[in-house]
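Throughout the sequence shown, residue numbering follows the UniProt record's numbering, covering 1 to 814 in sequence. The block underneath contains the structure these notes are about, expressed in structure tokens.
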Amino acid sequence: MVARPGTYQASNNAGELAPEVYGRTDLKQFYSGLAIARNIEPVPQGGSQLSMRSRHLGRVRRKTANLSPTASTLPSGSYSAPAILATATFAVADVASVLLTGFASSVALGAIVQIEYFDGTNWLLLGAPFALDQTQRNITMAAPPRQPVHTTQVRVRMVSAPPDTTMFTLPGISVRVETTTPSDAVARPFTFALDQTYVAILTDRFVDFYRDGTWVGSSVMDFTESQIRTLDVPQRLDTMLMFNRDGVSQRILRDGSDTRWVLSNISFENVPLVDLGGTYTNQSADAWLLILRFPTTAGDPHLNGAGLSLSINVNGEDAVVGFPGGAPDWTVISGLIKTAIEGTSSVSPGISVTPDAPQAGSQTIFIRFTGDGNLGNANALSAQVVNTADAAAVVAHSVIGDPGGEALFSASRGYAACGAFYQDRLVTGGFKAKRGAFLASVTGEYFDDNVKLQAASGAILANLDTDGAEQLQRIVSDTYLLLFTSDGEYFISDRVLDRTKPPNIVNSSRYGSSPDLPIVRNEGEIVWASRNKSVLYAASYDQISTKYAATPISLLAPHIVNGMVDIALQRPSGLMNAARLWMPRADGTVTCGIMLRNQDVTAFVRWETPGSVTSACVDGKNVPHLLVNRVVGGASEMHFERLEEGLIFDDVVEQTFGSPQTVITGLGVHEGAEVWAKADGYVVGPYTVAGGAITLTDPALNVQVGRWTPPLARTLPLPSEVAERVVLRRPKRVHTVRLDLVDTTSVAVGANGRPARDVALARAGDPADAPQAPVNEMKVITGLTGFSDAGQVDITQTRPGLLAWRGVTIEART
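Rendered as structure tokens:
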């Protein structure tokens with residue numbers, strides 16, 4: 001047999017490369033890249049496999065609107081037996097949720113209080129029973145998304161007797177209805193414990209929580225559809241914080257169970273006062289006590305302070321005051337001290353220096369830095385007697401000067417844009433009133449911002465050295481505290497935040513970041529998107545240059561990276577030893593970055609589905625989730641989906657029956673769509689869902705139904721080089737493809753611009769009454785016809801199935 005050489009490609013670890021790279025055979029990534037990588041992902045060890053597909057978890061809630069009850073009875077008096085505590089009545093409506101504002105009881109109660117609604121015949125439970133105590137809470141009970149309750153009344157009822165006579169506080173009841181208007185939505189992780197992880201879906205003024213794919217509860221919030229994409233949501237233990245510069249900062253607490261989520265505004269204490277350009281009357285003068293001690297023995301030349309020479313240091317400048325001889329006149333001496341202090345360059349005229357009543361052997365003099373130019377300043381003052389050792393001077397700071405001003409954040413001035421937990425402090429920043437400032441709380445007290453505490457644990461308010469237009473957008477806790485702005489990246493080089501030391505803020509790079517995309521960490525690197533969402537950067541701390549060294553990582557695939565609308569990182573899991581970076585884009589597709597940076601694997605591929613992906617998140621169990629707009633019955637609706645290994649369809653609805661069925665119902669989420677089914681292992685279809693059902697040819701016990709987009713791996717053009725820097729351009733004909741398959745049940749191959757044809761995988765001896773068994777062997781596809789300028793090969797499918805390969809060899813005439 002005559003040997004026939006071919007071009008062998010065992011790795012796709014460069015992913016899909018931009019068309020501009022097709023001729024760059026000098027790049028090492030050229031020989032591990034693809035022209036198109038859709039719904040396949042490279043395996044770092046070699047070859048590629050079908051990408052993860054998605055399972056349907058639920059429909060996302062639409063916009064809600066406030067409903068004003070026409071009548072409401074709030075509790076009064078005391079209760080010692082089961083009772084109706086409050087009732088709200090309104091016109092018939094589709095109720096999504098009921099919010100009880102500031103609800104509390106004088107006695108701690110178990111889960112004996114509940115919200116009920118009237119369906120026209122019976123009173124039914126909304127949500128779950130809950131407990132109460134003396135703490136006023138905002139309690140939300142809701143119907144599942146897209147399943148509002150149709151009613152005209154809701155009530156609050158105590159279903160059993162309390163342990164003691166109880167008084168209730170309930171300032172108000174708010175009812176929200178679910179409208180027909182879709183809402184934009186984002187998904188974010190909420191990790192309470194390793195075995196209790198949630199996904200929070202944020203929509204217009206609403207948050208829904210899912211645990212292990214099942215909806216468990218909801219909470220209202222104040223942030224609107226237009227604000228949720230820029231919402232920063234740091235989370236610790238059972239609390240999720242929410243920051244947006246245009247809305248009051250809020251938090252949602254998991255209050256003891258999956259069904260109870262409590263909303264409240266974050267109540268910050270000791271908010272720093274700053275000068276925001278207003279006219280302020282709340283300034284205070286810096287005040288000091290100067291205490292003199294002197295001899296009282298008759299005959300001493302400095303008796304009662306006579307003839308002392310006092311050196312006063314004010315803000316680093318020295319001034320000397322000589323006391324007159326004889327019996328001292330402390331009013332005169334106070335005037336001399338006043339003149340000396342006002343003679344320094346840092347102090348303006350107008351200070352107040354007055355003596356206290358004389359004491360035996362001591363005299364106290366009050367110094368207040370009043371007057372224009374002094375009021376509000378904090379000064380440094382020290383003093384010593386320089387002409388005798390028998391007298392001494394001691395100073396004490398009695399009042400620290402305060403320049404006054406107004407709160408750093410407020411309803412009139414806006415709020416923080418972002419926050420992060422670092423060294424047991426809550427660090428917030430990007431305030432609407434001071435865009436380049438950040439504020440670190442008192443250590444161990446996340447909501448205490450007392451910057452007047454002088455201990456190392458006191459709060460810290462600092463400004464970045466930026467121009468007025470640069471906006472602090474994200475704060476990240478890493479080896480050092482990182483600060484990402486619209487124009488650059490900074491870090492605080494001090495490992496410990498210390499109130500007694502000004503933070504050393506270092507500008508590390510000048511790329512800038514997007515305000516509405518999360519920043520993620522992978523393999524010791526920080527990964528973020530550029531301001532215009534067109535480039536991905538990665539940075540890690542460099543011990544040599546003592547800064548965060550940042551580099552772009554998406555330059556070879558800008559065509560499928562630009563236009564990102566969300567980012568989520570999935571750590572290496574299962575058989576995949578690389579991390580996956582899920583990046584939904586504005587065109588509805590998803591770019592998946594396969595990243596194993598220490599092994600030089602950075603591959604970007606496409607993840608496409610019949611629908612438009614708007615958000616991605618990875619929960620605490622490292623499971624990725626997507627929000628996808630899909631067409632159902634001719635209208636668009638948003639679905640919540642979970643990505644899983646082993647699935648071959650998208651938005652999968654899986655059902656198992658007690659006896660074989662041919663009519664598969666419960667497919668309303670696919671109404672009007674073309675779907676495929678996997679019935680007891682057989683892949684059948686396609687079908688069009690009508691009336692929420694399809695009819696199989698043969699009955700089955702276990703059925704998976706979902707939508708399908710065929711994968712496609714298209715190789716790069718074959719090189720035309722015949723010698724170094726010498727090329728021969730002429731049409732090419734790929735005539736044979738050798739594909740080393742792994743666990744594959746369906747594959748099709750095409751070349752030379754011709755349609756792909758299905759590759760027969762059945763072998764002699766395979767059972768005739770069983771699904772196609774996965775194939776693990778080299779398949780040789782011959783007889784490929786036609787010519788093309790590029791000589792590219794397509795690896796795809798004409799029907800759904802498993803697909804993976806170790807390598808491909810292309811034999812061609814060039």
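Note that the Cβ used here is the ideal one computed from N, Cα and C, for glycine as well. Nothing here was measured: the structure is a model prediction, and the numbers come from that model.
- Query: Alpha carbon to alpha carbon, what distance is there between Ala748 and Ala416?
  - Reply: 54 Å
State the start and end residues of the unbroken alpha helix (DSSP H) segment that holds Ala768. Note, Ala768: premise wrong, no alpha helix (DSSP H); not H, not E.
_Going by DSSP, what residue range makes up the alpha helix (DSSP H) through Ala18?_
Here Ala18 belongs to no alpha helix (DSSP H), and DSSP marks it neither H nor E.
Please return the same chain residues whose Cβ sits closer than 6 Å to the Cβ of Leu375, not counting the five positions on each side in sequence. Gln283 and Ala285
Next item on the list: Specify whether the stretch 140-160 and the stretch 182-197 touch according to this definition: at least 3 beta carbon pairs, one from each stretch, less than 8 Å apart.
Entry: no
Practice problem: Could I get the ranges of all uninterrupted beta strand (DSSP E) runs contained in the stretch 377-464, with 3 residues as the minimum, in chain order? | Solution: 381-385, 392-399, 418-422, 425-429, 437-440 and 460-463
Among residues of its own chain, excluding the 5 on either side of Ala10, which ones have a beta-carbon nearer than 6 Å to its beta-carbon?
-> Gly46 and Gly807
Which residues in the same chain as Val527 place their Cβ atom closer than 6 Å to its Cβ, once the five residues preceding and following it in sequence are excluded?
Val520 and Ala538
Check: In the DSSP assignment, what are the bridge partners of Ile519?
Finding: Ile519 is not bridged to any residue.
field: Cβ-based neighbour list, Met583, same chain, cut-off 6 Å, excluding 5 preceding and 5 following
entry: Met564, Ile567 and Thr591
Can you tell me whether Gln363 is helix, strand or coil according to DSSP?
strand
query: How about Leu109 and Leu132: are their beta carbons less than 9 Å apart?
result: yes
- Query: Within the chosen definition, does the stretch 307-327 reach the stretch 399-419 through at least 3 CB pairs nearer than 8 Å?
  - Reply: no
C-beta contact flag for Ala690 and Ile664 at 9 Å: no
Leaving aside the five residues before and after Met158 along the sequence, list all residues of the same chain whose C-beta is less than 7 Å from its C-beta, in chain order. Tyr79, Pro82, Ala83, Leu85, Ile112 and Val113
Alpha-carbon spacing of Asp619 relative to Leu194, whole angstroms:
10 Å
### Query
Since Val776 contacts Val742 with CB under 8 Å, what's their CB separation in whole angstroms?
According to the sequence displayed, residue 776 carries Asn and not Val. So it is a contact: roughly 6 Å between Cβ atoms.
Quiz prompt | Residue range of the unbroken beta strand (DSSP E) whose run includes Glu811 | solution = Ala804 to Arg813
Checklist line | Residues near Thr814 by beta carbon distance below 6 Å, same chain, minus five either side | finding: Lys732
Can you check which of these residues, Gly488, Asn522 and Val506, is closest to Arg495 by C-alpha distance? Val506
### Alpha carbon of Val734 to alpha carbon of Ser493, nearest angstrom
58 Å
Going by alpha carbons, who is nearest to Thr485 out of Ser441, Ala770, Arg531 and Ile460? Arg531
Q | Beta-bridge partners of Gln196, as assigned by DSSP | A | Ala193
Below 9 Å between beta carbons: does that hold for Ala37 and Glu16? yes
Practice prompt. Give every residue of the same chain whose Cβ lies closer than 7 Å to the Cβ of Gly634, excluding the five residues on either side of it in the sequence, and list them in chain order.
Written response: Gly672
Determine the contact status of Asn315 and Ser352, defining contact as a CB-CB distance below 9 Å.
no
- Give me the Cβ distance between Phe447 and Leu426, rounded to the nearest whole Å; I'm assuming they're in contact under 8 Å. 7 Å
**Prompt:** When burial is assigned at 16 or more other CB atoms within 10 Å of the CB, is Asp318 buried or exposed?
**Reply:** exposed
Checklist entry - Is it right to say Phe491 is buried, meaning 16 or more other beta carbons lie within 10 angstroms of its own, or is it exposed? => result buried
What is the DSSP secondary structure of Gly801, counted as helix, strand or coil?
coil
Checklist entry - If you draw a straight line from the C-alpha of Ala396 to the C-alpha of Ser348, how long is it? => result 21 Å
Exercise for review: Per DSSP, which residues does Gln570 bridge with? Please list them.
Suggested key: Arg580
For this session: Check whether the Cβ atoms of Arg55 and Ile648 lie closer than 9 Å to each other.
Result: no
*Can you give the Cα-Cα distance for Ala96 and Glu674, rounded to whole angstroms?*
31 Å
Could you check if Glu645 is buried or exposed, using at least 16 other CB atoms within 10 Å of its CB as the buried criterion? exposed
- Query: Within this structure, are the beta carbons of Val60 and Phe640 separated by less than 9 Å?
  - Reply: yes
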